[in-house]
Amino acid sequence: MAAEVPLPIPISFVSGRYLIFSADAATYLRREYNICGVLMGTLPHVPQQNVFLGIPLELMPEEARLLVEKKVARIIDTRRYHNESMRSLAEADKIKYLQTLQREGRSVSLAMSNRKEQQREESLRKAAQKRKAKASSTQKEEEEAAKNTDDMLFEPPPRPASSLSSSSSSVQSSTISITPATTCPLLPYQPAEEYDMPLPEVPASYPVFAHLHSHGYFLSPGLRFGCQYMAYPGDPLRFHSHFLVYGFHRDQELNLMEIVSGGRLGTGVKKGFLLGHAVDPGDPSSEVRTFSIEWAGIRELEACSLLPDNALCAWTTGLQCSTSSFAIASPKHCLYTLSEAVYAQP
163 MAAEVPLPIP ISFVSGRYLI FSADAATYLR REYNICGVLM GTLPHVPQQN VFLGIPLELM
223 PEEARLLVEK KVARIIDTRR YHNESMRSLA EADKIKYLQT LQREGRSVSL AMSNRKEQQR
283 EESLRKAAQK RKAKASSTQK EEEEAAKNTD DMLFEPPPRP ASSLSSSSSS VQSSTISITP
343 ATTCPLLPYQ PAEEYDMPLP EVPASYPVFA HLHSHGYFLS PGLRFGCQYM AYPGDPLRFH
403 SHFLVYGFHR DQELNLMEIV SGGRLGTGVK KGFLLGHAVD PGDPSSEVRT FSIEWAGIRE
463 LEACSLLPDN ALCAWTTGLQ CSTSSFAIAS PKHCLYTLSE AVYAQP
């Protein structure tokens with residue numbers, strides 16, 4: 163059963179990063195709001211590894227802003243909140259907290275001592291059994307040897323098996339210092355509103371991010387494929403990404419070679435290269451237009467290639483065609499198509 167998460171969820175702003183330190187909150191956002199983030203916590207003894215990462219969960223500025231706009235989270239100035247709260251913490255509360263740590267440390271130390279004592283007793287019991295078995299076998303061998311030899315009056319009696327002294331069998335127990343962890347936060351879960359921060363600054367691609375998120379897509383950073391975001395139709399643990407997403411400003415000039423390379427890269431990894439922009443960048447509720455680019459990879463075209471009715475334009479090497487319904491490609495060149503993106507419901 164999933165634990166209840168009180169809303170809004172506090173997002174800690176630390177050194178320019180948006181972090182979530184609650185595992186329940188991270189699970190809740192992934193399950194209910196399609197927000198994955200990136201785990202960045204390392205194991206204390208192996209900080210160089212990057213395979214088993216944990217809390218805190220780092221969010222992109224776009225993810226943090228989207229959650230704040232949906233009234234799901236709030237951004238906290240963690241540095242100011244922590245400094246002021248610790249200064250105002252009463253001396254009695256500090257003493258109580260330290261006593262709690264000492265009490266937990268003693269209980270953990272006692273449990274470890276009991277466990278070591280049980281292990282020591284088990285080791286001694288096994289050692290005693292081995293000595294007993296060895297002594298019985300030695301005695302039988304000596305009796306058989308005495309029967310086969312002549313009686314020697316002046317021969318010293320056989321030396322009995324020596325028993326292990328208790329002093330040698332004692333195990334030295336070393337003192338272990340334990341710093342117990344606590345799941346109870348030192349400061350309140352919901353800070354006062356005076357520590358709230360304004361909405362984070364986001365790039366021009368934010369309208370495309372919010373648009374795809376509203377269609378049920380999971381979005382993650384796209385550095386792996388040289389784009390801004392990667393769009394998944396479901397949880398990334400279950401699905402491959404469908405689009406390499408690149409958002410831009412409506413008046414921004416785009417390099418044709420970047421569009422061509424993005425189309426080739428997307429098709430090469432079995433994904434679509436998706437471009438998008440807001441129709442009115444100044445209006446938060448403005449319509450967003452998105453286009454998908456596909457590398458057709460046609461080497462021999464003997465006739466015209468008909469495009470869908472919603473196609474806007476098509477490019478061939480050395481030829482730009484602005485017609486809305488068809489394009490002609492030379493047999494020696496490949497065809498690029500730019501069409502309105504169509505989303506499949508996740």
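Numbered according to this note's numbering, the sequence shown spans residues 163 to 508.
Ideal Cβ positions, reconstructed from N, Cα and C, are used throughout, including at glycine.
query	result
Proximity to alanine 187 [Cα-Cα], best of Met202, Gln211 and Pro218	Pro218
Expected contact under 8 angstroms - CB spacing of proline 362 and proline 168 to nearest Å	The Cβ separation is near 22 angstroms, so there is no contact.
Through-space distance from serine 184 to cysteine 198, alpha-carbon basis	14 angstroms
Unbroken beta strand (DSSP E) run spanning arginine 426, endpoints	Here arginine 426 belongs to no beta strand (DSSP E); instead the alpha helix (DSSP H) covers 418 to 430.
Segment contact flag, the region 258 to 271 with the region 236 to 244, C-beta cutoff 8 angstroms, min 3 pairs	no
Alpha helix (DSSP H) segments (min. 4 residues) lying fully within the region 370 to 409	none
Where aspartate 413 sits in the DSSP three-state scheme	coil
For arginine 282 and valine 333, the rounded distance between their alpha carbons	Model confidence at valine 333 stands at a pLDDT of 43, short of 50, so the residue's coordinates are unreliable; what they give is reported in the following sentence. Approximately 7 angstroms between the Cα atoms of the pair.
Alpha helix (DSSP H) segment containing alanine 188, residue limits	185 to 195
Opposing strand residues paired with glutamate 220 [DSSP bridges]	Leu181 and Val200
For phenylalanine 405 and lysine 433, believed in contact at Cβ under 8 angstroms, the rounded distance	6 angstroms
7 angstroms Cβ shell around leucine 202 - same chain, five flanking residues per side excluded	As written in the sequence, residue 202 is methionine, which differs from the leucine given in the question. For methionine 202, where only same-chain residues beyond five positions count, the Cβ hits under 7 angstroms are Leu215, Pro218 and Glu220.
Host beta strand (DSSP E) of glutamate 456 (start-end)	450 to 457
Contained alpha helix (DSSP H) runs [length at least 4] in the region 219 to 268, N- to C-terminal order	223 to 231 and 240 to 250
CB contact flag (alanine 393, tyrosine 379, <8 angstroms)	yes
Sequence-distant residues of its chain with Cβ nearer than 8 angstroms to alanine 226 (five each side left out)	Ile173, Tyr180, Ala235, Ile237 and Pro362
Cβ-Cβ separation, valine 370 to glycine 267 (assumed contact under 8 angstroms), whole Å	Actually they do not touch by this definition, with Cβ atoms about 52 angstroms apart.
Distance between beta carbons of glycine 424 and isoleucine 455, contact taken as under 8 angstroms	6 angstroms
Unbroken beta strand (DSSP E) run spanning valine 509, endpoints	Summary: the structure shown does not reach residue 509, with the chain confined to residues 163 through 508, and so no result is reported for it.
Cβ shell of leucine 229 (< 6 angstroms), same chain only, five flanking positions each side left out	Ala235
Assigned exposure category for proline 360 - 16 Cβ within 10 Å defines buried	exposed
8 angstroms Cβ cutoff, asparagine 276 in contact with chain D	The structure shown contains no chain D; it is built from a single protein chain.
Under the three-state DSSP convention, the category valine 167 falls into	coil
Rounded straight-line distance, which links the Cα of phenylalanine 175 to that of isoleucine 250	Correcting the residue type first, residue 250 is serine in the shown sequence and not isoleucine. Near 21 angstroms, if we compare the C-alpha coordinates of phenylalanine 175 and serine 250.
Contact check, alanine 458 vs valine 450, beta carbons under 8 angstroms	no
Reference phenylalanine 410; option with closest CA among Leu427, Arg426 and Cys389	Cys389
Length of the line joining the Cα atoms of alanine 295 and glutamate 284	17 angstroms
Candidates Tyr243, Arg265 and Leu191: closest to lysine 233 by CA position	Leu191
Residue of His244, Ala290, Ala366 and Arg287 minimising C-alpha distance to aspartate 442	Ala366
Asparagine 212 classed as buried or exposed, judged by whether at least 16 other C-beta atoms fall within 10 angstroms	exposed
7 angstroms CB neighbourhood of glycine 384 in its chain, flanking five on each side removed	Gln390, Tyr391, Met392, Leu406 and Val407
Histidine 375 classed as buried or exposed, judged by whether at least 16 other C-beta atoms fall within 10 angstroms	buried
Own chain residues within Cβ distance below 6 angstroms of asparagine 196, not counting five before or after	Phe380
Same chain, Cβ closer than 8 angstroms to isoleucine 117, five either side skipped, listed in chain order	Any question about residue 117 goes unanswered here, given that the chain covers just 163 to 508.
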